[in-house]
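Novice: Take a look at the following structure, please.
Number of protein chains: 2
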Amino acid sequence: MPSHEHMKQALQTYVDAFNAGDVATVTGLYADDAVIEDPVGHPQITGRAAIEEFYTNAVAGGAKLTLDAPIRGSHGDRAAMAFTIDVPGMRIRAIDVMTFGADGKIIRMDAHWGPGDIET
Amino acid sequence: MPSHEHMKQALQTYVDAFNAGDVATVTGLYADDAVIEDPVGHPQITGRAAIEEFYTNAVAGGAKLTLDAPIRGSHGDRAAMAFTIDVPGMRIRAIDVMTFGADGKIIRMDAHWGPGDIET
Numbered sequence: 001m002p003s004h005e006h007m008k009q010a011l012q013t014y015v016d017a018f019n020a021g022d023v024a025t026v027t028g029l030y031a032d033d034a035v036i037e038d039p040v041g042h043p044q045i046t047g048r049a050a051i052e053e054f055y056t057n058a059v060a061g062g063a064k065l066t067l068d069a070p071i072r073g074s075h076g077d078r079a080a081m082a083f084t085i086d087v088p089g090m091r092i093r094a095i096d097v098m099t100f101g102a103d104g105k106i107i108r109m110d111a112h113w114g115p116g117d118i119e120t
Numbered sequence: 001m002p003s004h005e006h007m008k009q010a011l012q013t014y015v016d017a018f019n020a021g022d023v024a025t026v027t028g029l030y031a032d033d034a035v036i037e038d039p040v041g042h043p044q045i046t047g048r049a050a051i052e053e054f055y056t057n058a059v060a061g062g063a064k065l066t067l068d069a070p071i072r073g074s075h076g077d078r079a080a081m082a083f084t085i086d087v088p089g090m091r092i093r094a095i096d097v098m099t100f101g102a103d104g105k106i107i108r109m110d111a112h113w114g115p116g117d118i119e120t
């Protein structure tokens with residue numbers, strides 16, 4: 001199991017690389033067969049090609065991420081963060097939970113935000 | 001599936017009732033056979049008696065909860081919140097994810113905090 005320091009650093013890298021438009025670094029945090037459910041309750045996407053498309057579109061849409069509070073680790077295989085996504089014309093408040101594999105890659109991402117967490 | 005408004009209200013009630021020392025209201029948010037993993041990676045507790053003991057001890061220890069950011073819902077069966085737990089002599093930063101059953105009760109709580117999320 002990866003250390004809590006490793007997991008929290010991965011989430012910080014995720015935010016920083018996303019905001020720099022560095023899709024390769026963001027997607028490189030994921031395992032090849034990772035699963036993303038964003039938002040929770042919508043269909044999942046799976047695998048590197050789908051994940052690369054997802055982040056390419058998100059970055060192209062002009063989204064920027066701001067942490068609302070320090071990233072949390074756990075005593076297990078997960079880390080979590082509360083953050084705000086600013087897209088031109090829209091703000092979304094989300095909490096992402098990332099689950100890590102033994103090799104330190106993210107194997108699952110669950111994004112918690114609902115209809116009431118969007119401002120336009 | 002409960003509405004996102006219901007789930008977010010339940011988490012607000014959780015925080016308010018906890019801070020008021022109202023263990024019955026907190027535990028009443030849970031289903032009889034609910035599971036708590038707090039922190040993620042430690043053994044789970046299950047069932048009403050264990051959950052009542054867990055919150056009775058937490059309230060007796062003087063813990064107070066402060067939200068770090070607005071509660072998040074989802075498009076599914078989960079809601080999440082980032083908050084700070086102040087216990088005399090210790091501060092813990094956590095993100096809890098609650099999963100709800102069809103009747104609107106919490107069936108699972110996962111508390112994300114690790115060794116690096118404690119200040120003494």
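Those sequence lines, one after another, are chains D and E. In case it helps, UniProt numbering puts the first sequence at residues 1 to 120. In case it helps, UniProt numbering puts the second sequence at residues 1 to 120. Positions of the beta carbon are idealized from the N, C-alpha and C atoms, including for glycine.
Just to make sure I have the definition right: I need the residues of chain E whose C-beta is within less than 9 Å of the C-beta of D68 of chain D. Which are they?
Specialist: In chain order: D68, A69, P70, A82.
Novice: Less than 8 Å separating the beta-carbons of D38 of chain D and A111 of chain D?
Specialist: Yes, these two residues count as a Cβ contact at 8 Å.
Novice: Counting only beta-carbon atoms, is V26 of chain E nearer than 8 Å to chain D?
Specialist: No, because no Cβ of chain D sits closer than 8 Å to the Cβ of V26 of chain E.
Novice: For a cutoff of 8 Å on Cβ pairs, would you count H112 of chain E as touching chain D?
Specialist: Yes, H112 of chain E counts as interfacial toward chain D.
Novice: So if I threshold CB-CB distances at 7 Å, which residues from the region 36–52 of chain E count as touching chain D?
Specialist: Listed in sequence order: P39, V40, G41, H42.
Novice: Runs of 3 residues minimum, wholly inside the UniProt domain "SnoaL-like" (12–109) of chain E: which ones carry the beta strand (DSSP E) assignment?
Specialist: With a minimum length of 3 residues, the continuous beta strand (DSSP E) runs that stay inside the UniProt domain "SnoaL-like" (12–109) of chain E are 30–37, 64–67, 78–87, 90–100.
Novice: Given this structure, state the Cα-to-Cα distance separating V23 of chain D from A17 of chain D, to the nearest angstrom.
Specialist: In a straight line, the C-alpha of V23 of chain D is about 7 Å away from that of A17 of chain D.
Novice: Give a yes or no on whether the C-beta atoms belonging to Y14 of chain D and K105 of chain D are separated by under 8 Å.
Specialist: Taking 8 Å as the Cβ cut-off, Y14 of chain D and K105 of chain D do not qualify as a contacting pair.
Novice: What separation, rounded to the nearest whole angstrom, lies between the Cα atoms of P70 of chain D and M81 of chain D?
Specialist: Going by the C-alpha atoms only, they are around 7 Å apart.
Novice: Strictly under 8 Å for the Cβ-Cβ distance: is K8 of chain D near chain E by that measure?
Specialist: Closer than 8 Å: yes.
Novice: Keeping to the same chain, check which residues put their C-beta closer than 7 Å to that of L65 of chain E; ignore five residues upstream and five downstream.
Specialist: If we look at L65 of chain E and ignore the five residues flanking it on each side, its Cβ neighbours are V15, F18, N19, F83, I85.
Novice: Shorter than 8 Å from the beta carbon of R78 of chain D to some beta carbon of chain E?
Specialist: Chain E, which has a Cβ nearer than 8 Å to the Cβ of R78 of chain D, makes this yes.
Novice: How would you call H42 of chain D, buried or exposed, if buried means at least 16 neighbouring beta carbons within 10 angstroms?
Specialist: Result: exposed.
Novice: Can you check whether the CB of T99 of chain E is closer than 8 Å to the CB of R78 of chain E?
Specialist: A contact, by the Cβ cut-off of 8 Å.
Novice: Nearest by alpha-carbon distance to V87 of chain D: which of D:G62, D:I107, D:H75 is it?
Specialist: Of D:G62, D:I107, D:H75, the residue nearest in Cα terms is D:G62.
Novice: Which same chain residues, not among the five before or five after T120 of chain E, have their C-beta less than 7 Å away from its C-beta?
Specialist: Closer than 7 Å at the Cβ level, and outside the excluded window around T120 of chain E, lie G89, M90.
Novice: Distance, Cα to Cα, P2 of chain D vs R108 of chain D?
Specialist: Computed Cα separation, rounded: 14 Å.
Novice: I'd like to know whether the C-beta atoms of I118 of chain D and I95 of chain D end up nearer to each other than 8 Å.
Specialist: Not in contact: I118 of chain D and I95 of chain D (Cβ atoms no closer than 8 Å).
Novice: Pick out whichever of E:Q44, E:A58, E:A10 has its Cα sitting closest to the Cα of A34 of chain E.
Specialist: Looking at the Cα atoms, E:Q44 is the closest of the given residues.
Novice: Please determine, among E:T27, E:E5, E:A10, E:L67, the residue with the shortest C-alpha to C-alpha distance to E52 of chain E.
Specialist: That would be E:T27, whose Cα lies nearest to the Cα of E52 of chain E.
Novice: In chain E, what lies closer than 8 Å to A94 of chain D by C-beta?
Specialist: Near A94 of chain D (Cβ distances below 8 Å), the residues of chain E are R72.
Novice: Rank E:V59, E:I36, E:D68, E:A58 by C-alpha distance to the C-alpha of Q12 of chain E and give the top, closest one.
Specialist: Nearest C-alpha to Q12 of chain E: E:D68.
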